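When you line the first sequence up against my numbering, it's residues 63 to 618, in that order.
Report on the structure given below.
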Amino acid sequence: MSEERSLNFLEQIVEEDLASGKTGGRVLTRFPPEPNGYLHIGHAKSIVLNFGLAQQYNGKTNLRFDDTNPVTEDTEYVESIKEDIRWLGFEWEKELYASDYFEQLYQYAVELIKKGLAYVEDATAEEIAAMKGTPTTPGTNSPCRSRSVAENLDLFERMRKGEFKDGEKTLRAKIDMAAPNMHMRDPLMYRIKHAHHHRTGDKWCIYPMYDFAHGQSDSIENITHSICTLEFIPHRPLYNWFIQELAIFPSQQYEFARLNLNYTVMSKRKLKQLVEEGFVNGWDDPRMPTISGLRRRGYTAASIRNLCERVGVQKRDNVIEYSLLEFCIREELNRTANRAMAVLDPVKLVITNYPEGQVEELEAENNPEDPNSGSRKLPFSNTLYIEREDFMENPPKKYFRLGPGMMVRLKNAYIIKGESVDKDADGNITTIYATYLPESKSGGDHSGLTVKGTIHWVSAAHAATAEVRMYDRLFTVENPGMEEGDFKSFINKESLQVISTAYVEPGLLQAKPGDRFQFMRKGYFSVDPDTTPEKMVFNRTVTLKDAWAKETAKGK
RNA sequence: UGCCCAAUAGUAUAACGGUAGUACGACAGACUCUGACUCUGUUUGUCUUGGUUCGAAUCCAGGUUGGGCAACCA
63 MSEERSLNFL EQIVEEDLAS GKTGGRVLTR FPPEPNGYLH IGHAKSIVLN FGLAQQYNGK
123 TNLRFDDTNP VTEDTEYVES IKEDIRWLGF EWEKELYASD YFEQLYQYAV ELIKKGLAYV
183 EDATAEEIAA MKGTPTTPGT NSPCRSRSVA ENLDLFERMR KGEFKDGEKT LRAKIDMAAP
243 NMHMRDPLMY RIKHAHHHRT GDKWCIYPMY DFAHGQSDSI ENITHSICTL EFIPHRPLYN
303 WFIQELAIFP SQQYEFARLN LNYTVMSKRK LKQLVEEGFV NGWDDPRMPT ISGLRRRGYT
363 AASIRNLCER VGVQKRDNVI EYSLLEFCIR EELNRTANRA MAVLDPVKLV ITNYPEGQVE
423 ELEAENNPED PNSGSRKLPF SNTLYIERED FMENPPKKYF RLGPGMMVRL KNAYIIKGES
483 VDKDADGNIT TIYATYLPES KSGGDHSGLT VKGTIHWVSA AHAATAEVRM YDRLFTVENP
543 GMEEGDFKSF INKESLQVIS TAYVEPGLLQ AKPGDRFQFM RKGYFSVDPD TTPEKMVFNR
603 TVTLKDAWAK ETAKGK
């Protein structure tokens with residue numbers, strides 16, 4: 063291991079803190095999702111960062127659900143989030159909930175009221191907004207700002223007891239209505255919501271706002287480094303203000319730029335729309351940028367971690383190219399996925415000089431990149447399926463496949479020569495006839511011939527059938543979230559193409575959901591959980607790079 | 001119009017006052033029983049104007065550009 067890698071800015075901060083003894087030699091981070099949706103690849107970056115940073119410096123990471131808004135949150139999400147984190151390969155120190163601290167937070171609020179730093183507000187949301195001013199004009203003080211401590215204490219207690227309706231009262235911090243930072247203009251600490259909470263049930267009808275819950279939760283847990291995304295930078299002074307006025311453990315907030323990926327959307331709101339309006343088949347649809355979607359698509363946890371490490375950490379906004387994600391999974395699967403032959407768009411090929419009824423078992427390497435992967439036997443006969451695009455009657459220059467009089471190698475088998483074709487009434491080829499060279503058998507070729515092309519095939523009588531789902535990017539534009547108009551109008555209508563009957567080599571029948579293969583010359587595929595004993599279903603994770611496709615595209 | 005954050009090849013990231021490097025992508029070639037993989041090569045960059053300094057991507061000041069902030073969301 064040559065450790066010349068330079069430190070990112072968070073690693074530098076941690077190392078400085080460790081060196082100065084600021085955190086007592088301790089590193090404790092936290093990953094704080096709100097359980098109101100499924101995790102996506104943007105969260106993966108945060109997870110890799112928080113857990114990775116702690117691991118690197120002998121620290122720990124808490125999983126804390128930021129469940130301060132009962133109306134949006136649900137246990138379903140809690141479970142999926144835990145599953146996704148574990149799948150990514152991380153284990154948390156403690157599983158905690160902001161709702162665990164509701165009583166403590168309430169006491170903190172009482173403390174601030176007693177210090178004259180918080181007051182109960184009577185105004186409506188609209189009135190509060192109006193008093194808030196604008197970024198360029200100062201706000202105005204609320205009449206409630208001068209309420210006595212005793213009255214505030216009484217009112218706040220009655221808020222808790224449920225004497226008021228939703229929206230009737232709020233608790234605000236008394237800071238500065240003229241502050242240049244809008245977050246410091248007497249921000250809300252508590253609001254009334256007579257709603258059922260997924261963990262505390264109906265015990266509470268007042269709930270703390272993010273700003274009043276997050277920093278204190280960090281502090282209660284003695285979090286040393288509270289790492290969040292850039293949009294929380296303006297919240298930091300408030301984060302620090304509460305901690306300082308409460309005189310509690312000084313957790314420190316640091317911010318990094320979230321991960322963005324092109325050709326997709328990352329906001330929970332938009333992802334939710336895609337699911338709820340039926341543009342995709344659920345949160346784990348293989349086209350979704352969710353962890354569960356990528357998993358189902360066939361991405362490995364290692365490839366996602368790898369992406370997160372490759373993109374680095376900085377404070378500038380960024381958009382990662384999808385091709386980098388694809389590179390990460392191809393790189394891994396090239397090393398680890400066994401090869402298989404699958405014909406996705408089949409056309410029949412008959413070898414006229416191969417004995418009818420004869421079957422040979424041919425040896426095939428499982429993975430040329432992995433010497434330990436072994437080999438398997440493939441049945442070969444005179445009637446095969448090959449890929450329709452691998453035969454052309456009038457091939458262009460540099461077409462290294464089959465055509466009349468053209469020779470090509472059948473992978474792991476023989477060299478064949480195209481002879482003639484049958485066509486249907488519409489002129490479509492129904493059968494290709496070819497002859498083979500018996501002396502060109504793979505492994506013992508003494509034909510003396512070399513051919514430019516090698517194609518894959520399956521024996522018609524032995525092939526298994528499978529459904530293959532071909533996925534492409536979900537959107538047609540690089541940044542659907544930023545385009546004018548509804549982002550859903552940029553959905554790629556061809557992002558899913560189902561091949562109901564593909565022919566695959568018979569051994570694939572043993573594959574189990576989650577197994578991954580390289581279908582030679584076609585891409586990497588994984589077995590979908592929809593697979594049943596009657597019907598196999600494969601998802602295309604990613605294509606192979608295809609220089610020929612590029613070549614033909616240039617000609618057009 | 002206030003406050004805050006940022007600015008290095010197409011993208012992402014490094015260089016921490018001393019040779020602008022790496023990866024992905026693109027392009028060209030070699031190899032190939034996968035037009036894959038691998039290998040080789042090419043291409044493209046410090047937002048701008050000043051200042052400090054022997055020396056600035058780096059420090060300072062102004063400008064420009066992009067992003068964020070005015071939810072009883074997180």
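All residues carry an ideal CB built from backbone N, CA and C; glycine is no exception.
Quick caveat: nothing in here was measured; it's all calculated off a predicted structure.
Measure the beta-carbon distance from residue i to residue j and round it to whole angstroms, keeping in mind my assumption that it falls under 8 Å.
i    : j    : result
V470 : R531 : Not quite, the Cβ-Cβ distance comes to about 29 Å (not below 8 Å), so this is no contact.
P441 : H524 : 4 Å
R234 : M251 : 6 Å
F127 : Y100 : In fact, because the Cβ distance is near 14 Å, the residues do not count as touching under 8 Å.
V409 : R450 : 5 Å
P546 : V539 : Before going further, note that residue 546 is Glu rather than Pro in the sequence given. Actually they do not touch by this definition, with Cβ atoms about 11 Å apart.
S329 : G543 : 7 Å
R359 : Y533 : 7 Å
T493 : V412 : 6 Å
Taking the CB atoms as reference points, tell me whether residue i and residue j lie closer together than 8 Å.
i    : j    : result
C390 : N368 : yes
Q580 : A399 : yes
A402 : L570 : yes
L386 : R578 : no
E529 : I477 : no
T603 : Y565 : no
H259 : W266 : yes
Y168 : R209 : no
H518 : M468 : no
S557 : S354 : no
L38  : V520 : For the chain, the structure presents residues 63 to 618; residue 38 sits outside this window and is missing.
P351 : I103 : yes
A171 : F218 : yes
R397 : E371 : no
L300 : M246 : yes
Y272 : L72  : no
P197 : A240 : no
D129 : R261 : yes
I310 : Y163 : no
H256 : G224 : yes
N98  : E135 : yes
N444 : P466 : no
V342 : N541 : no
V211 : G263 : no
Using a 10 Å radius around the Cβ and a threshold of 16 neighbouring Cβ atoms, would you call residue i buried or exposed?
i    : result
M63  : Residue confidence for M63 is low, a pLDDT of 33 falling below 50, so the modelled location carries little weight; the figure read from the coordinates is stated next. M63 comes out exposed.
E620 : Within the shown structure, residues of the chain are numbered from 63 to 618, placing residue 620 beyond reach of any answer.
P132 : buried
D79  : buried
D347 : buried
N474 : buried
E65  : Bear in mind that a pLDDT of 45 at E65, under 50, signals an unreliable position, so the number given afterwards is only what the model happens to contain. So E65 ends up on the exposed side.
V405 : buried
S68  : exposed
I109 : buried
H297 : buried
G510 : exposed
R357 : buried
S313 : buried
H105 : buried
T594 : exposed
N490 : exposed
D488 : exposed
E567 : buried
P205 : exposed
K584 : buried
Okay, do the stretch 122 to 136 and the stretch 90 to 102 touch, 3+ Cβ pairs below 8 Å being the bar? yes
Examine the Cβ distances between the stretch 581 to 593 and the stretch 368 to 384 and report whether three or more of them are shorter than 8 Å. Counting Cβ pairs under 8 Å, fewer than three are found: no touch.
Would you say the stretch 286 to 294 touches the stretch 331 to 351, given that touching needs at least three Cβ pairs under 8 Å? no
Any contact of the stretch 100 to 117 with the stretch 139 to 154, i.e. 3+ C-beta pairs under 8 Å? yes
Three or more C-beta pairs under 8 Å: does that hold for the stretch 176 to 193 against the stretch 228 to 242? yes
The stretch 323 to 339 / the stretch 246 to 265 touching (three or more Cβ pairs under 8 Å): no
Measuring CB atoms only, is the stretch 422 to 429 touching the stretch 488 to 500, in the sense that at least three cross pairs come out at less than 8 Å? Judged by Cβ distances under 8 Å, the stretch 422 to 429 makes no contact with the stretch 488 to 500, as fewer than three pairs qualify.
In chain order, which continuous runs of the alpha helix (DSSP H) of length 4 or greater are located wholly inside the stretch 151 to 191? The stretch 151 to 191 contains these whole alpha helix (DSSP H) runs: 164 to 176.
Continuous beta strand (DSSP E) assignments of at least 3 residues falling wholly in the stretch 355 to 407: Counting only runs of 3 or more, we get 400 to 402.
So within the stretch 271 to 338, which uninterrupted alpha helix (DSSP H) runs reach at least 4 residues, ignoring any that extend past its ends? 272 to 282, 298 to 308, 330 to 338
Beta strand (DSSP E) runs wholly inside the stretch 522 to 546, at least 3 long, in chain order: 526 to 533
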